[in-house]
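Protein chains in written order, with my numbering: chain A, -13 to 262; chain B, -13 to 262; chain C, -13 to 262; chain D, -13 to 262. Shown next, in structure tokens, is the structure this report addresses.
Protein chains: 4
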Amino acid sequence: MRFAIASSLDYQAFGPSTLILNIEAMREGQAIHSEAFSINPDIAHEDHVAETGNRYRRLLLGPGSYRITYTAEVETMPSHESPGDVPEVPVSQLPLAVLPYLFASRYCPSDQLARFAIRQFGQLPQGHERVTAICNWIYEHVDYLRGSSDTGTTAAETFAQRAGVCRDFAHLAISFCRALGIPARFVSAYGWQLDPPDFHAVFEAWLGNRWYVFDATRLSPVDGLVRIGVGRDAADTAFSTFFGAITPGPLSVSITPAGPADETRPWTTDAVSLSG
Amino acid sequence: MRFAIASSLDYQAFGPSTLILNIEAMREGQAIHSEAFSINPDIAHEDHVAETGNRYRRLLLGPGSYRITYTAEVETMPSHESPGDVPEVPVSQLPLAVLPYLFASRYCPSDQLARFAIRQFGQLPQGHERVTAICNWIYEHVDYLRGSSDTGTTAAETFAQRAGVCRDFAHLAISFCRALGIPARFVSAYGWQLDPPDFHAVFEAWLGNRWYVFDATRLSPVDGLVRIGVGRDAADTAFSTFFGAITPGPLSVSITPAGPADETRPWTTDAVSLSG
Amino acid sequence: MRFAIASSLDYQAFGPSTLILNIEAMREGQAIHSEAFSINPDIAHEDHVAETGNRYRRLLLGPGSYRITYTAEVETMPSHESPGDVPEVPVSQLPLAVLPYLFASRYCPSDQLARFAIRQFGQLPQGHERVTAICNWIYEHVDYLRGSSDTGTTAAETFAQRAGVCRDFAHLAISFCRALGIPARFVSAYGWQLDPPDFHAVFEAWLGNRWYVFDATRLSPVDGLVRIGVGRDAADTAFSTFFGAITPGPLSVSITPAGPADETRPWTTDAVSLSG
Amino acid sequence: MRFAIASSLDYQAFGPSTLILNIEAMREGQAIHSEAFSINPDIAHEDHVAETGNRYRRLLLGPGSYRITYTAEVETMPSHESPGDVPEVPVSQLPLAVLPYLFASRYCPSDQLARFAIRQFGQLPQGHERVTAICNWIYEHVDYLRGSSDTGTTAAETFAQRAGVCRDFAHLAISFCRALGIPARFVSAYGWQLDPPDFHAVFEAWLGNRWYVFDATRLSPVDGLVRIGVGRDAADTAFSTFFGAITPGPLSVSITPAGPADETRPWTTDAVSLSG
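Structure, rendered in structure tokens:
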């Protein structure tokens, strides 16, 4: 599918400050037909593509007000498969490069949640459907509630408190997957139909021989995502990181279909991979 | 029932130290037919009965080794009722003196577990049976596992990690009760049939017009307890608190029926109150 | 000193709800010359004085909007002493009734902070001045910052994060005192000169043979407080606790001198007790 | 310097289990003159060098007892510089590839400790000496105490509790560095003179244009380390990770100089890099 995406971020710097942004669409698994990154006033910036495919932009700000704007037209190429055809991979056969996505991370203390994960999901049939079962459990047992968590909230706290926002849902799902031996990673994205519009957070699990995408919040169709960044958890995939005396202002995010209208299409129950 | 209880505690003090013990049977709801508290070498000590009925013994130790021994013959007077006859009390009608047992405490952060408690137990029929349902849930979902927790473990951690020992089971049950508006308190006790013998931890919930006792671990019959202390949680009911350079040594605890043998009697499913 | 105090609280109830308020001036150590508690619309309520002296008011609300108003003229009777004349009391000589104020509580995990407390304050001269040294340390090392904490924040978190509000300052000071063997309790109060006006939180330490008051925030003079409630920590002394579908609205609080004007008087450095 | 290193690990598997080991010396910055990895009974295994240079060995165990042995002779090539010649790098000029080492991780919640780090170390002269000042602060304020922490302990807990072991010291130092804008990573190593011998944990900070090694525990000279693995924190650098029904047994580790004896040489105060 083809999407027009845009984001706009304002910052006020009170002294020399460094701003690192990760708001641009990944190139992996997506075709970027056009894009524009601009900053007003216009200052030098530098870009970098990390090994994960995340695209970072670093700006050195002097005192003043800045508006950063990014727009792009991106074609995603979701692959659809039948969930029953997508198996789990025994740890003994995982590519060693995905092993780090089995380890506990800042917001995903999978060690602390292992006993529950194994009791609740350990006996389910393995494969894509088991990860869907995890998403369903979270959707049914955790309230999506703005203001119920903050930037320090871990998946263990979300599990106890039973409320959170999209990043908390993703952290909890990732923790359960890792506890079961399924590599899982955090994905930041532009999410079609997300209401109100904002940067979205979902997750991917390594199944078969690739990453499959899941959204335990059910707020955006998984084939309606334009991916920005991947990482262990939100600590790796902040859209904005800054150092120095700098204050963020309002943020706006949008995503709309840029191809033939497809608004009424039912949400897929296929296994979807966006990773190419 | 009549029980012979005994405990023996060893301490090594390396300088002037203060030791506060709470190992003697409460008088409330229990008849103490005989008892003896001794310390070897024999030093002065002072006792105090708190407003809760907990009996404290304070000793000022100089450097040296000490053995404290307590023995008693105690008759408990459990009242038995049919669980269906024991209602909850609306908060609007609770005696105001029991309100503090609705508040969060050191190990029972009932605020953090409220959403789950209300989802899981909020729609169940109210009364003694709802508290039994809480105990059953804990028994079924949390592993009793020595070494899985420590003296800092809160009920929110036990809930996430799904493992603990008797004090953790009691803290979790207390947290759920409080979140539902049921006053609940921690009880330390000599527990008949507890294996291996140790001080036991259970809890009481305020129902009808008194405290009813429950044991989510199912390790000791609730009418086989000789109560020592009650409080908000384990922070209030330590059997031993010390200040200064002092090291605890081995501990031994025992409880045996002192009346007509009754070892084979089935465990009760009655609503049991020990509080007189 | 004589103060006119007032508070006004709004609530919206959406069903039968129970509201428990603790906003009225304590009688212990303070003379209440006049007071009025009212609720509009006028509904029945019931009051209760806890063993601590805290005055609770319980209201059973039906659906609707309510405004609660409390006004009083209260004379505090602070005793002033020279700090050097106020000693600590060895644990071996403490009244056993104050021992619970040595134990860890919901927001005051004194066990977790003991090592630091002993390193930092353990060698200081004992007495009132040591508690003042604790307050000074907190004032100098922790930022008073609205929004930096929430109702779940413990003293261990405040210690690590080095920011908080009045209740966090009190929790941290209480934790340090308890770790050093000094009984300490939380005090909610009307605080003269507090800006902006709100319910204030300070603490008391047991020294000599009474409770002495301290304010690590330095936001209100310790002899300018009208005390409302005391307890282990904020979990015991909420000004408002509610059960049911009820939403709090805006709150207003005021305290002004009602006797001869004394606004320019320097803040005292005396040891002050308000507990009578 | 030339070292003979050895480690031996025992495992008991009760069913098919996967074991992933990271016990072999890194090749980056070290010359491996000889090495041998063996498992008894001999079963197939597979190796993998991660992008960090960590060397992983994966074994698929059937039920039974296994002993893994690794021995090597490794020459480290520490570079020594004067600390005053090793500057910090402004975030605006850091290689973007090291940025992930500025982010919070499982055990290093640098966000929670930022306020303290900036207050305590923010005004110190920048460079290698500032990181040494961090190490000195930790050495002076945190007790090295076996049993005071566990595998869930974060740097914020270590900071509050003021006790830990080598991994906790490294996590705390890493957190402070990151909070100050200095990339820092965890290093597992064979540590000469470590007593009792065990796997050791230290850390590296990115200064000038390379990683410099530090040990806040002062238990092993920084030029006496043979590095095994690097990562964000201990979650990335476990020497052993297992999946399945498997129980670890005793572990032995050794490191001795293999070149000319140099036991009496004073510990260096130079800035030391081991990363080549």
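Here a beta-carbon is modelled for each residue, glycine too, at the ideal position from N, C-alpha and C.
>> For the segment 91 to 104 of chain A, list every residue whose C-beta sits within 8 Å of some C-beta in chain B, in sequence order.
In response: The residues in question are 98, 99, 101, 102.
> According to DSSP, is residue 216 (chain A) helix, strand or coil?
Replying inline: Residue 216 (chain A): strand per DSSP, three-state reduction.
>> If we define contact as Cβ-Cβ less than 7 Å, is residue 166 (chain C) a contact residue for chain B?
In response: Taking Cβ atoms only, chain B never reaches closer than 7 Å to residue 166 (chain C), which makes this a no.
> Which residues in the same chain as residue 66 (chain C) place their Cβ atom closer than 8 Å to its Cβ, once the five residues preceding and following it in sequence are excluded?
Replying inline: Once the five neighbours on either side are set aside, the close Cβ partners of residue 66 (chain C) are 209, 254, 256, 257, 258.
> Is any beta-carbon of chain C found at less than 7 Å from that of residue 221 (chain B)?
Replying inline: With its beta carbon less than 7 Å from one in chain C, residue 221 (chain B) belongs to the interface.
> Are any of the Cβ atoms in chain B nearer than 7 Å to that of residue 145 (chain A)?
Replying inline: Yes, contact with chain B.
> Along chain D, in chain order, which residues have C-beta atoms closer than 8 Å to that of residue 42 (chain A)?
Replying inline: Residues of chain D whose Cβ lies closer than 8 Å to the Cβ of residue 42 (chain A) are, in chain order, 82, 85.
> Residues of chain A with a CB under 7 Å from the CB of residue 119 (chain B): which are they?
Replying inline: Below the 7 Å Cβ cutoff, chain A contributes no neighbours of residue 119 (chain B), its closest Cβ being approximately 18 Å away.
>> Quick check: is the beta carbon of residue 173 (chain A) nearer than 7 Å to any beta carbon in chain D?
In response: Closer than 7 Å: no.
>> Under DSSP, the alpha helix (DSSP H) around residue 105 (chain D) begins and ends at which residues?
In response: That run of the alpha helix (DSSP H) goes 100 to 107.
>> Quick check on the burial criterion: 16 or more other C-beta atoms within 10 angstroms. Buried or exposed for residue 98 (chain C)?
In response: Around the C-beta of residue 98 (chain C), 16 or more other C-beta atoms lie within 10 Å, and the residue is accordingly described as buried.
> At what residues does the beta strand (DSSP E) containing residue 26 (chain B) begin and finish?
Replying inline: Residue 26 (chain B) -> beta strand (DSSP E) spans 16 to 26.
>> Using the Cβ count rule (16 or more neighbours within 10 Å means buried), how would you classify residue 147 (chain A)?
In response: With 16 or more other Cβ atoms within 10 Å, it is buried.
> residue -7 (chain D) bridges to which residues according to DSSP?
Replying inline: Residue -7 (chain D) is bridged to D:56, D:239.
> Which bits of chain A does residue 159 (chain B) rub up against, with CB to CB less than 7 Å?
Replying inline: Think of a sphere of 7 Å around the beta carbon of residue 159 (chain B): no beta carbon from chain A falls inside it, the nearest being about 15 Å out.
>> Suppose contacts are defined by Cβ-Cβ distances below 7 Å. Is residue 174 (chain A) in contact with residue 96 (chain A) by that definition?
In response: No, Cβ-Cβ distance for residue 174 (chain A) and residue 96 (chain A) is not below 7 Å.
>> Between residue 204 (chain C) and chain D, is any beta-carbon pair separated by less than 7 Å?
In response: No, no contact with chain D.
> Rounded to a whole number of angstroms, what is the C-alpha to C-alpha distance between residue -2 (chain B) and residue 53 (chain B)?
Replying inline: Taking the straight line from one Cα to the other gives about 9 Å.
> residue 156 (chain A) CB to nearest chain B CB: under 7 Å?
Replying inline: No, no contact with chain B.
>> Can you confirm whether residue 22 (chain B), when its beta carbon is compared against all beta carbons of chain A, has any partner nearer than 7 Å?
In response: No, no contact with chain A.
>> Can you tell me where the beta strand (DSSP E) holding residue 200 (chain D) begins and where it ends?
In response: Following the DSSP letters along the chain, one finds residue 200 (chain D) inside the beta strand (DSSP E) bounded by residues 196 to 200.
> Name the chain B residues whose beta carbon is nearer than 8 Å to that of residue 129 (chain A)?
Replying inline: Under the 8 Å cutoff, chain B gives 101.
> So, is residue 201 (chain D) buried or exposed, given that buried needs 16 or more other C-beta atoms within 10 angstroms?
Replying inline: Note on residue 201 (chain D): 16 or more other CB atoms within 10 angstroms of its CB, so buried under the neighbour-count rule.
> residue 74 (chain D) and residue 193 (chain D) look like a contact to me (Cβ under 8 Å); what is the Cβ gap, rounded to whole Å?
Replying inline: Under the criterion of beta carbons closer than 8 Å, residue 74 (chain D) and residue 193 (chain D) qualify as touching, at roughly 6 Å.
>> I'd like to check one pair, residue 101 (chain B) with residue 187 (chain A): are the Cβ atoms closer than 7 Å?
In response: At least 7 Å separates the beta-carbon of residue 187 (chain A) from that of residue 101 (chain B).
> With 16 other CB atoms within 10 Å as the buried threshold, where does residue 21 (chain B) fall?
Replying inline: Looking at its Cβ environment, which holds fewer than 16 other Cβ atoms inside 10 Å, residue 21 (chain B) is exposed.
> Do you know offhand how far residue 242 (chain B)'s Cα is from residue 168 (chain B)'s?
Replying inline: Computed Cα separation, rounded: 33 Å.
>> Assuming the contact rule is C-beta atoms closer than 8 Å, residue 40 (chain B) and residue 12 (chain B) should be a hit. Round their C-beta distance to whole Å, please.
In response: Contact flag correct, Cβ pair sits at about 7 Å.
> Are residue 239 (chain D) and residue 184 (chain D) closer than 7 Å when you measure CB to CB?
Replying inline: Yes, these two residues count as a Cβ contact at 7 Å.
>> With a threshold of 7 Å between beta-carbons, can residue 188 (chain C) be considered close to chain B, or not?
In response: No, residue 188 (chain C) lies away from the interface with chain B (no Cβ there is under 7 Å from its Cβ).
> Ordered along the chain, which non-local residues of its own chain (more than five positions away) have a Cβ less than 6 Å from that of residue 59 (chain B)?
Replying inline: Non-local C-beta neighbours of residue 59 (chain B) in its own chain, meaning closer than 6 Å and more than five positions away in sequence, comprise -10, 19, 20, 244, ordered along the chain.
>> Which residue marks the beginning of the beta strand (DSSP E) containing residue 123 (chain D), and which one marks its end?
In response: It is not in any beta strand (DSSP E) - residue 123 (chain D) instead sits in the alpha helix (DSSP H) that spans 114 to 127.
> To which residues of the same chain is residue 23 (chain D) closer than 6 Å at the C-beta, ignoring the five residues directly before and after it?
Replying inline: So the list reads 56, once near-sequence residues are dropped.
> Taking C-beta to C-beta, are residue 72 (chain A) and residue 114 (chain A) nearer than 7 Å?
Replying inline: Yes, the pair counts as a contact, with Cβ atoms nearer than the cut-off.
>> Strictly under 7 Å for the Cβ-Cβ distance: is residue 132 (chain A) near chain B by that measure?
In response: Output row for residue 132 (chain A): interface = no.
> According to the neighbour-count rule (16 or more other Cβ atoms, all chains shown, within 10 Å of its Cβ), is residue 132 (chain C) buried or exposed?
Replying inline: By the neighbour-count criterion, in which a residue is buried when 16 or more other Cβ atoms sit within 10 angstroms of its Cβ, residue 132 (chain C) is exposed.
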